[in-house]
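In UniProt numbering, the protein residues as written are 1 to 417.
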């Protein structure tokens, strides 16, 4: 018992970066879960493998319609069936779901599947719709965006989810549920782990609410909507403390581009001007690892003599102790929260760090974290935002709580001004 014997009472809790834990994590439905291996669960691996094999075969049978690139053609009983990709997929899922149900009910009598233990048969039947949803999600998820493939503690390749929208942290101890993790492993040819079942769980909110006194710290508590949410939900007071040093943050007008090539060109041009003409350093914060690789590769190919660093959650420490003139640092959101970047005196004399955010932050807190890397130390820093026009189409499904939907929508409106 980590709380001791007898258990330590829930009296007082102090939380750093409280907005990350109690607002962002709650929006994503995060919770602490303890899981265990169920005897015989490995028999279900064959079902997931069969589902993936069926999808690979189904997708290989589809052909692009030469008359319309948005239409795919499938040959069914000697006739061509034309439809969009999602329609083909829905038909495939319905057929596969029926096929799986029949196979499990037959319990391997025809040899298509191994015999499923009796105590798991009802569970397998109940999981079929969830497995179908996970199969679809695994197909749509992008490597180096929602997840990465990296080596684990024993040197084997593993699927690691990324919280790319908020902190950029690679969640090494997280296993995606309902077969999603297993489908991603099949997608990349990684050794598949059997599913685990949750024995106990608790949300961040439920855990924190057990304490009589709650104290939290954050440099970015956001707008009045976050304040109202924390006050109403956790019954806490909000106190704003002034910074110990006057901020020297310079804000430049944002740049909005309609296409990706123009977006890349403008970012590379801005970096070049700042590091060569102004003798400053540039920190370029990207939404995903994929965009980081894309931008850094293009910039390096155009300016091979530049001193370029990369900083993601793969790195334990910032790549350089002190940032100096003409340094170019490409990073994910991981550098946007909790990373203090030290600049040398020569760089401060030249105007300090130039921070470029290459995406539309999902809320004002993420944006302020990114632009506050040296400004909160009283150092000179300029902020510049480059986004593509498509980033302004807001997805309301990101939040289920009405208060949080208002919060995020307000943040977008604020950023558009």
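All residues carry an ideal CB built from backbone N, CA and C; glycine is no exception.
Item	Value
DSSP three-state assignment for residue 309, whether helix, strand or coil	strand
Euclidean distance between Cα positions of residue 228 and residue 22	13 Å
Touch test, the region 147-167 against the region 291-301, Cβ-Cβ under 8 Å, three pairs minimum	no
Start and end residues, alpha helix (DSSP H) containing residue 140	118-140
Residue range of the unbroken alpha helix (DSSP H) whose run includes residue 147	Not the alpha helix (DSSP H): residue 147 falls in the beta strand (DSSP E), residues 147-151.
Cβ-based neighbour list, residue 93, same chain, cut-off 6 Å, excluding 5 preceding and 5 following	132
Whole-angstrom distance between residue 64 and residue 72, CA atom to CA atom	5 Å
Neighbour-count burial assignment, residue 349, 16 or more Cβ in a 10 Å radius	exposed
Straight-line gap, residue 208 to residue 238 (C-alpha atoms, nearest Å)	17 Å
C-beta contact flag for residue 127 and residue 53 at 8 Å	no
Proximity of residue 384 and residue 356 at Cβ, strictly below 8 Å	yes
Buried/exposed call for residue 328, threshold 16 Cβ in 10 Å	buried
Bridge partner(s) assigned by DSSP for residue 385	357
Beta-carbon separation (whole angstroms), residue 214 vs residue 124, contact threshold 8 Å	Actually they are not in contact, since the Cβ atoms of residue 214 and residue 124 sit about 42 Å apart, beyond 8 Å.
Beta-carbon proximity check, residue 33 vs residue 198, cutoff 8 Å	yes
Rounded C-alpha distance that separates residue 254 from residue 386	6 Å
Neighbour-count burial assignment, residue 11, 16 or more Cβ in a 10 Å radius	exposed
For residue 142, the nearest candidate out of 173, 183, 55 (CA to CA)	183
Among 325, 368, 333, the one whose alpha carbon lies nearest that of residue 353	325
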